[in-house]
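**Student:** One structure coming up, written as structure tokens, with questions to follow.
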């Protein structure tokens with residue numbers, strides 16, 4: 001068992017003490033807090049609206065300004081209408097459910113800090129079209145469109161991506177660019193892809 005798994009998986013109470021995962025990161029991103037000091041937000045629907053997301057959707061959770069530890073009520077496949085723009089101090093924790101983000105644009109981590117993404121599958125990601133996308137509860141921005149990365153990390157810090165499955169996306173699977181710092185990528189499975197990752 002690797003050092004990350006031995007930190008949390010051996011604890012019988014992990015499902016009721018999910019935030020302990022934030023203490024298990026190693027490497028450059030070991031100080032990533034995610035939503036450790038926030039409340040739990042439960043995703044109850046796979047529906048998505050890139051401009052006016054509804055409570056219970058993944059997008060509604062990740063754009064909030066306060067720290068949130070995001071979990072899932074059930075197995076689900078989420079097909080995003082446009083790229084999912086994450087805000088700071090968020091954890092996406094897929095443990096206990098089979099969660100897939102697939103068949104549409106996928107995840108953008110841009111200009112933010114303290115993000116943890118754990119235990120989800122991200123595959124068959126498509127380029128996003130230019131248009132309006134909400135990035136906070138009060139801001140809708142005009143986006144030029146994304147390349148179709150599974151996860152794109154731009155100019156961000158304190159990011160930890162662990163135990164995710166990434167495959168078959170239009171561009172890279174996990175690109176970390178534009179002077180992003182303090183990033184740890186551990187225990188992920190990359191499959192069926194030629195251009196897996198760009199760092200720079």
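In the UniProt record's numbering, the protein residues as written are 1 to 200. From the three backbone atoms N, C-alpha and C, an ideal C-beta is built for every residue, glycine too.
Output the boundary residues of the beta strand (DSSP E) element that contains residue 189.
**Tutor:** 189-191
**Student:** With DSSP run on the structure shown, which of helix, strand or coil describes residue 21?
**Tutor:** Residue state for residue 21 is assigned as helix, using DSSP reduced to three classes.
**Student:** Roughly how far, in whole angstroms, is the beta-carbon of residue 60 from the beta-carbon of residue 67, given that I think they are within contact range, below 8 angstroms?
**Tutor:** Not quite, the Cβ-Cβ distance comes to about 15 angstroms (not below 8 angstroms), so this is no contact.
**Student:** Is the distance from the Cβ of residue 85 to the Cβ of residue 133 below 7 angstroms?
**Tutor:** Cβ atoms of residue 85 and residue 133: closer than 7 angstroms.
**Student:** Along the chain, which unbroken stretches of the beta strand (DSSP E) at least 3 residues long are found entirely within the segment 86-151?
**Tutor:** Runs of the beta strand (DSSP E) lying entirely within the segment 86-151, each at least 3 residues long, are 90-93, 99-102, 107-110, 113-118, 121-123, 131-136, 139-143 in chain order.
**Student:** Who are the near neighbours of residue 148 in its chain, counting only those whose CB is closer than 6 angstroms to its CB and skipping five residues on each side?
**Tutor:** 125, 126, 127, 169, 170, 171
**Student:** Which residues does DSSP pair with residue 39 in a beta bridge?
**Tutor:** 68
**Student:** Give me the DSSP bridge partner(s) of residue 183.
**Tutor:** In DSSP, residue 183 forms a bridge with 159.
**Student:** Taking 6 angstroms as the cut-off, is the C-beta of residue 154 nearer than that to any heavy atom in the ligand GTP?
**Tutor:** Among the components of this structure there are no ligands whatsoever, and the ligand GTP is therefore not found.
**Student:** For residue 39, is the classification buried or exposed, using 16 other Cβ atoms within 10 angstroms of its Cβ as the cut-off for buried?
**Tutor:** exposed
**Student:** Note down the Cα distance separating residue 162 from residue 118, rounded to an integer number of angstroms.
**Tutor:** 5 angstroms
**Student:** Quick one: using the 10 Å Cβ neighbour count with 16 as the cut-off for buried, is residue 181 buried or exposed?
**Tutor:** exposed
**Student:** Among 3, 179, 145, 44, which one has its Cα closest to the Cα of residue 104?
**Tutor:** 145
**Student:** Is it buried or exposed for residue 98, if we count other Cβ within 10 angstroms and need 16 for buried?
**Tutor:** exposed
**Student:** Express the C-alpha separation of residue 150 and residue 41 in angstroms, rounding to a whole number.
**Tutor:** 23 angstroms
**Student:** Could you tell me which of 31, 23, 29, 51 sits nearest to residue 139, measuring between CA atoms?
**Tutor:** 51
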